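Report on the structure given below.
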Amino acid sequence: MKKIEVITRNYKLDDIKEGLTSLGIKGMTVAEVKGFGRQGGHKEVYRGAEYQVDFVPKIKIDIVIDDELVADVVQAISNAARTGEVGDGKIFISPIDDVVRIRTGESGSDAV
Amino acid sequence: MIQSGDTAFILVCAALVLLMTPGLALFYGGMVRSKNVLGTIMQSIIMISLVSLEWIYIGYSMSFGPDVAGVIGDMSHFALSGVTAAPSDTYATTIPHIVFMIYQCMFAVITPALITGAFAERVRFAPFCAFSVLWAVFVYNPVCHWVWGGGFLGDMGVLDFAGGLVVHLTCGVAALVACIAIGPRKGFRKRQFIPHNLPMTLIGTGLLWFGWFGFNGGSALAADEIAATAFVATHIAGMTGMLTWTVVEWYHAGKPTTLGAASGAIAGLATITPAAGFVGPNSAVAIGLLGGLICYLAVMAKNRFGYDDSLDVVGIHGVGGLVGTIALGLFASTAINPGGADGLFFGNPGFLVTQFIGIGIIGVYTLVISWIIIKGVNAVSPLRMEDNAEEIGMDTSEHSESAYQA
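If you're matching them up, the sequences are chains P and Y in order. Just so we're aligned, residue 1 is where the first sequence starts under UniProt numbering, counting upward by one. Just so we're aligned, residue 1 is where the second sequence starts under UniProt numbering, counting upward by one.
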């Protein structure tokens with residue numbers, strides 16, 4: 001199993017969710033996060049005074065999937081989130097040792 | 001002889017002017033960081049209570065009591081003695097004396113509240129209250145008497161329709177003195193002080209504008225032609241100021257902003273205040289334009305001088321009051337208000353000189369007395385918050401409250 005962690009633009013959430021559910025992904029965790037990468041921050045102006053806002057609001061989506069789905073999922077996320085501009089975000093893929101569903105005690109792929 | 005129309009109008013105007021103080025609280029509250037929003041609102045709101053109390057006991061009598069040597073009212077109206085439902089012999093003779101008193105009370109309330117924007121986010125509540133009450137007694141009341149209460153400046157011919165000198169110039173000068181004496185916010189010029197809720201500031205702007213119709217319109221003290229003139233001039237200057245600031249900012253900084261539009265409106269409204277009942281609509285456009293432009297430049301200039309007037313009281317209210325008082329010396333016309341004067345553009349340069357004398361005397365007096373009051377209060381109880389308390393924010397450290405629960 002793998003964990004896919006996506007950090008991307010807030011307004012891409014609905015597109016990504018649609019792409020993933022069409023692949024049969026049944027759950028995800030979404031968090032509002034802030035940070036910066038190559039995109040950097042942005043400038044705001046209040047009464048002529050410029051402020052540099054370093055941390056850009058983003059969303060982080062976590063999903064856990066079986067290994068054979070990884071290529072399709074990464075493709076679906078990329079298709080949904082890509083604008084071609086700096087700031088599209090990143091996808092991190094990491095191994096997961098095990099998953100346990102708390103309600104039933106199932107583990108492994110059954111619990112995903 | 002009491003006129004019911006005038007009485008109804010001034011009662012409503014008094015309520016409108018009162019509304020400006022909570023409006024100001026929102027205007028300022030939105031511009032500070034979230035940890036200071038309640039502390040900032042509190043500094044405006046508490047004035048309703050403290051200054052009203054001061055006003056009914058001594059403020060009204062000092063300002064509008066029988067004149068002593070052109071300098072101050074005597075104490076014959078102490079605790080509203082003689083201020084009844086019968087009209088005054090001297091002021092606003094068509095409304096109950098007590099209505100005139102409560103209308104003027106609302107001006108006394110908002111003036112020290114305006115100053116608080118200069119030292120936002122860094123003063124302790126108790127010495128702040130002491131400063132404000134002392135300032136109301138020793139600055140607002142005498143200046144009010146000099147201009148409106150039968151004092152020497154009014155006798156000399158200085159005109160101020162609704163408070164360009166008495167309200168805006170005094171609060172602007174006090175704001176400058178206060179923010180220099182108290183010092184900049186911790187981290188000034190290193191850290192960013194971004195407004196935490198501009199929609200709140202815009203609601204405040206709307207309430208201030210609404211209240212300003214009572215502030216300026218009501219200063220005619222009757223529901224008459226002058227009130228109508230003042231009401232219209234007020235709106236015209238507010239909207240011209242808003243447009244001017246927006247256009248100038250768009251050109252100068254690249255984008256038009258909501259805070260800019262709000263700031264321009266307040267600048268235009270403050271600038272028309274001394275002139276509202278003495279000028280026609282075209283002059284009001286010119287005055288709103290001057291207000292929007294010059295106040296914008298004044299706010300930009302702040303960064304060069306390096307003092308931390310947190311919410312631009314000097315640049316918007318002080319400079320607005322100053323520009324409006326001078327503009328009155330230019331644009332006043334007896335064709336609009338026979339009780340006023342003609343300005344420079346209507347063939348009377350002497351009146352402009354008179355206005356400058358008024359500005360000079362009130363400016364210097366306010367500067368000196370505000371400085372003495374601040375130093376005096378500071379010696380007894382420091383105005384400045386301790387470093388740690390300032391970091392935590394006024395809401396928690398001064399009031400044990402927080403505006404927003406996580």
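Yeah, the Cβ is synthetic: ideal placement off N, Cα and C, and Gly gets one too. Keep in mind that this is a model prediction, so the values were computed, not measured.
Top-ranked residue by Cα proximity to residue i, from the options
i	options	result
G238 of chain Y	Y:W250, Y:C295, Y:R185, Y:G254	Y:C295
A49 of chain P	Y:H252, Y:L159, Y:A85, Y:M200	Y:H252
I10 of chain Y	Y:T84, Y:S63, Y:H97	Y:H97
D224 of chain Y	Y:V123, Y:K35, Y:T94, Y:I372	Y:T94
V137 of chain Y	Y:G347, Y:A69, Y:E54, Y:I316	Y:E54
M274 of chain Y	Y:V32, Y:T90, Y:D160, Y:F356	The amino acid at residue 274 of chain Y is misidentified as Met; the sequence shows Pro. Among Y:V32, Y:T90, Y:D160, Y:F356, the Cα nearest to that of P274 of chain Y is on Y:D160.
I236 of chain Y	Y:G254, Y:F213, Y:V247	Y:F213
residue 489 of chain Y	Y:P87, Y:I2, Y:I102	Since the first residue of chain Y shown is 1 and the last is 406, residue 489 of chain Y is not available in this structure.
F346 of chain Y	Y:N303, Y:Q355, Y:L330	Y:L330
Q104 of chain Y	Y:G154, Y:G82, Y:F215	Y:F215
P87 of chain Y	Y:A267, Y:S49, Y:G280, Y:Q3	Y:Q3
L69 of chain P	P:T21, P:R9, P:L13	P:T21
V299 of chain Y	Y:V285, Y:I287, Y:I316, Y:L289	Y:I316
I65 of chain P	P:F36, P:V86, P:G84, P:P95	P:P95
K12 of chain P	P:F92, P:A76, P:V112	P:A76
C171 of chain Y	Y:L289, Y:L114, Y:A162	Y:L114
Residue-level contact to chain P via CB, residue i, 7 Å cutoff
i	result
A253 of chain Y	yes
V299 of chain Y	yes
Q43 of chain Y	no
I194 of chain Y	yes
D259 of chain Y	Correcting the residue identity first, residue 259 of chain Y is Leu in this sequence and not Asp. Closer than 7 Å: yes.
Beta-carbon contacts of residue i that lie in its chain and below 8 Å, excluding the five residues immediately before and after
i	result
S370 of chain Y	W135, V139, V173, A174, V177, A178
G41 of chain P	Q52, V53, D54, F55, V56
I226 of chain Y	A220, G277, N337, G339
L259 of chain Y	M31, P195, L198, T201
Alpha carbon of residue i to alpha carbon of residue j, nearest angstrom
i	j	result
G183 of chain Y	S310 of chain Y	11 Å
Y404 of chain Y	G292 of chain Y	34 Å
M242 of chain Y	I46 of chain Y	29 Å
A379 of chain Y	Y51 of chain P	36 Å
residue 448 of chain Y	T396 of chain Y	Residue 448 of chain Y lies beyond the stretch modelled for chain Y, which goes from 1 to 406, so this question has no answer here.
V377 of chain Y	E401 of chain Y	26 Å
G149 of chain Y	D67 of chain Y	7 Å
residue 132 of chain P	K58 of chain P	Given a span of 1 to 112 for chain P in the structure shown, any question on residue 132 of chain P remains unanswerable.
V368 of chain Y	K60 of chain P	57 Å
Y91 of chain Y	G59 of chain Y	16 Å
P349 of chain Y	G157 of chain Y	13 Å
I374 of chain Y	F131 of chain Y	7 Å
K3 of chain P	K43 of chain P	34 Å
V143 of chain Y	V166 of chain Y	6 Å
N282 of chain Y	G343 of chain Y	14 Å
D387 of chain Y	F193 of chain Y	16 Å
N79 of chain P	E18 of chain P	11 Å
K186 of chain Y	E390 of chain Y	8 Å
T111 of chain Y	A15 of chain Y	16 Å
L38 of chain Y	V12 of chain Y	28 Å
T246 of chain Y	A262 of chain Y	9 Å
T104 of chain P	F36 of chain P	40 Å
L19 of chain Y	L269 of chain Y	16 Å
V73 of chain P	L23 of chain P	7 Å
A71 of chain P	R101 of chain P	25 Å
Closer than 6 Å: residue i CB and nearest the ligand SAM heavy atom
i	result
L330 of chain Y	With respect to the ligand SAM, the structure shown offers nothing to examine, as it has no ligands at all.
Test: residue i CB closer than 7 Å to a CB of chain Y
i	result
G48 of chain P	yes
V45 of chain P	yes
Y51 of chain P	yes
Contacts around residue i, its chain only, beta-carbon distance under 7 Å, and the 5 residues preceding and following it disregarded
i	result
L169 of chain Y	G318, G321, L322, T325, I359, I362, G363
G65 of chain Y	G73, D74, M75, S76, H77
N141 of chain Y	G59, M62, S63
A85 of chain Y	P96, I98
A265 of chain Y	T205, W209, G238, G241, M242
G108 of chain P	D98, V99
G23 of chain Y	G204, L207, L208, G211
A284 of chain Y	A233, I236, A237, I272
Close Cβ partners of residue i (< 6 Å) along its chain, the five nearest in sequence each way excluded
i	result
Y28 of chain Y	T40, G117, L311
G25 of chain Y	Reading off the sequence shown, one finds Ala at residue 25 of chain Y, where the question assumed Gly. Answer for A25 of chain Y: I41, S44, I45, listed in chain order.
G70 of chain Y	G151, F152
I180 of chain Y	Y307
G164 of chain Y	T273, P274, G321, G324, T325
Any alpha helix (DSSP H) of 4 or more consecutive residues that is wholly inside the region 140–176 of chain Y:
Entirely contained in the region 140–176 of chain Y, the alpha helix (DSSP H) runs reaching 4 residues are, in chain order, 141–148, 152–156.
| query | Which residue spans inside the region 38–105 of chain P form an unbroken beta strand (DSSP E) run of at least 3? | reply | 42–46, 49–53, 56–65, 89–95
- Tell me the start and end of each unbroken alpha helix (DSSP H) in the region 164–238 of chain Y that is at least 4 residues and wholly inside, in chain order. 170–182, 198–212
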